[in-house]
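Remember, this note's numbering sits 157 above the position in the sequence shown when you count from 1.
The structure appears below as structure tokens.
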Amino acid sequence: MNDLLMLKEAARNAAASDMFRLMSSEDKGEKFVEELRRMPDEALNVMGRLNGVPEQQLHIHRAMIRNEDNEFTQGLCQVDGLLQPGDVILMTSNQALANIQRALYKDAKSSHVALVHADFICIDAIPKEGVSNRIISEVLADAQSGWRVIRHKLVGKTNTDSIMRACTFYLAQPYLICPSTKSGKKFAYCSELARKVYRDVGVTSTGIPNKSIIAPAHFDRLADEHAEWMNVTDTVRPAIEFCQNYPELVRMSTKLFIKGLKLNRQRFKDRTKRLAEIQILAKARKITKEQAKEATSQLREIERNMNHTFWDVMTKA
Numbered sequence: 158m159n160d161l162l163m164l165k166e167a168a169r170n171a172a173a174s175d176m177f178r179l180m181s182s183e184d185k186g187e188k189f190v191e192e193l194r195r196m197p198d199e200a201l202n203v204m205g206r207l208n209g210v211p212e213q214q215l216h217i218h219r220a221m222i223r224n225e226d227n228e229f230t231q232g233l234c235q236v237d238g239l240l241q242p243g244d245v246i247l248m249t250s251n252q253a254l255a256n257i258q259r260a261l262y263k264d265a266k267s268s269h270v271a272l273v274h275a276d277f278i279c280i281d282a283i284p285k286e287g288v289s290n291r292i293i294s295e296v297l298a299d300a301q302s303g304w305r306v307i308r309h310k311l312v313g314k315t316n317t318d319s320i321m322r323a324c325t326f327y328l329a330q331p332y333l334i335c336p337s338t339k340s341g342k343k344f345a346y347c348s349e350l351a352r353k354v355y356r357d358v359g360v361t362s363t364g365i366p367n368k369s370i371i372a373p374a375h376f377d378r379l380a381d382e383h384a385e386w387m388n389v390t391d392t393v394r395p396a397i398e399f400c401q402n403y404p405e406l407v408r409m410s411t412k413l414f415i416k417g418l419k420l421n422r423q424r425f426k427d428r429t430k431r432l433a434e435i436q437i438l439a440k441a442r443k444i445t446k447e448q449a450k451e452a453t454s455q456l457r458e459i460e461r462n463m464n465h466t467f468w469d470v471m472t473k474a
């Protein structure tokens with residue numbers, strides 16, 4: 158990441174941090190929301206345009222902010238719960254790559270695999286970006302029409318939280334295809350990311366192969382042949398089409414979730430840096446061993462109370 162991108166990301170994290178600090182207090186949060194709702198139409202329109210909301214949907218954006226009945230929230234209620242964390246999305250966005258997959262499985266169709274992380278939010282691994290969250294309309298933007306969604310029969314409400322935590326754990330891993338039967342600790346590619354999320358959660362009888370390189374073709378085979386995987390494409394299609402019809406509004410509604418995880422991750426990295434600084438100060442005898450121990454203990458206690466951990470900033474027991 159170059160310096161300009163790093164500065165922009167730092168600014169976004171700071172803005173998100175301010176927002177979460179504001180919303181953390183019930184009184185301040187309610188006051189902030191009330192002030193938003195009292196803003197004039199044109200001010201809310203400017204806010205909507207800055208978030209990419211098309212002109213023909215600005216009236217919906219205003220109604221959402223003001224908690225008024227509108228077609229977006231009505232549609233949202235109708236598709237709520239259709240997509241589930243752990244759903245696997247199979248798609249063809251690169252026909253040449255899809256054709257190569259047939260060497261692994263003769264009926265292979267897909268060139269990419271993504272997982273549903275939460276609601277309309279997916280997690281996948283792509284070149285340059287690595288592992289990141291994207292809304293489902295972005296994931297399918299370049300996909301051909303024959304995409305499919307499959308769901309394991311043992312995945313449901315009982316393991317929703319563990320799947321979401323497993324997805325979060327791998328955020329920001331670099332993209333790299335490296336032959337290994339073991340989960341990549343410091344890299345990921347699309348189908349390998351899906352494999353290790355299911356490994357981490359401990360879902361049994363997945364049929365996901367333990368091969369040196371796992372490919373979208375292997376998930377195509379599961380979709381076609383494995384008894385424990387269901388094709389839920391028709392079931393979830395209304396939710397995906399809803400997201401495709403309102404991508405900017407969906408992106409706005411998911412922003413707090415995505416930014417919250419980024420901020421959570423950044424705070425873990427900040428604490429890791431702080432722990433290293435404490436050790437340096439202790440070795441230089443600028444603080445006592447007791448002070449270092451106390452400061453370290455306080456930081457570790459904060460980490461133990463966090464809901465998420467991350468691949469490159471793992472906490473100690």
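Where a beta carbon is used, it is the ideal one built from N, C-alpha and C, also for glycine.
query                                                                                                                                                                                  : result
Taking only the alpha-carbon atoms, compute the straight-line gap between Pro336 and Lys353 and give it to the nearest angstrom.                                                       : 14 angstroms
Give me, in chain order, the residues of the same chain whose beta-carbon lies closer than 8 angstroms to that of Arg194; leave out the 5 immediate sequence neighbours on both sides. : Ile222, Arg223 and Asn224
With DSSP run on the structure shown, which of helix, strand or coil describes Ser289?                                                                                                 : strand
Report all residues from its chain with a CB closer than 8 angstroms to the CB of Thr429; omit the five preceding and five following residues, and keep chain order.                   : Val470
In the DSSP assignment, what residue or residues form a beta bridge with Tyr327?                                                                                                       : Its beta-bridge partners do not exist; DSSP assigns none.
Do the segment 281-295 and the segment 258-265 meet, that is, are 3 or more Cβ pairs less than 8 angstroms apart?                                                                      : no
Is the separation between the beta-carbon of Leu418 and that of Thr361 shorter than 8 angstroms?                                                                                       : no
Would you please state the rounded distance, in angstroms, between the beta carbons of Thr249 and Gln301? I believe it to be under 8 angstroms.                                        : 5 angstroms
For the pair the segment 394-403 and the segment 226-237, tell me if three or more CB-CB distances fall below 8 angstroms.                                                             : yes
Report buried or exposed for Leu207, applying the criterion of at least 16 other Cβ atoms within 10 angstroms of its Cβ.                                                               : exposed
Enumerate, from N- to C-terminal direction, the unbroken beta strand (DSSP E) stretches of 3 or more residues contained entirely within the segment 223-288.                           : 245-248, 269-275 and 278-283
What residue ranges within the segment 396-422 form continuous alpha helix (DSSP H) runs of no fewer than 4 residues, ordered along the chain?                                         : none
Roughly how many angstroms lie between the CA atoms of Leu201 and Leu247, to the nearest whole one?                                                                                    : 38 angstroms
Classify Gly492 as buried or exposed, calling it buried when 16 or more other Cβ atoms lie within 10 Å of its own Cβ.                                                                  : Because the chain in this structure spans residues 158 to 474, residue 492 falls outside the shown range and cannot be described.
For Lys342, which residues of its own chain have a beta-carbon under 6 angstroms away from its beta-carbon, when the five flanking residues on both sides are left out?                : none
Would you kindly check if the distance between the Cβ of Leu240 and the Cβ of Asp276 is under 8 angstroms?                                                                             : yes
With a threshold of 8 angstroms on Cβ separation, who are the neighbours of Ile459 within its own chain once the five nearest residues in sequence on each side are excluded?          : Arg428
To which residues does DSSP link Val306 through a beta bridge?                                                                                                                         : Ile246
Going by C-alpha to C-alpha distance, which of Ile320, Leu413 and Ser454 sits closest to Arg431?                                                                                       : Ser454
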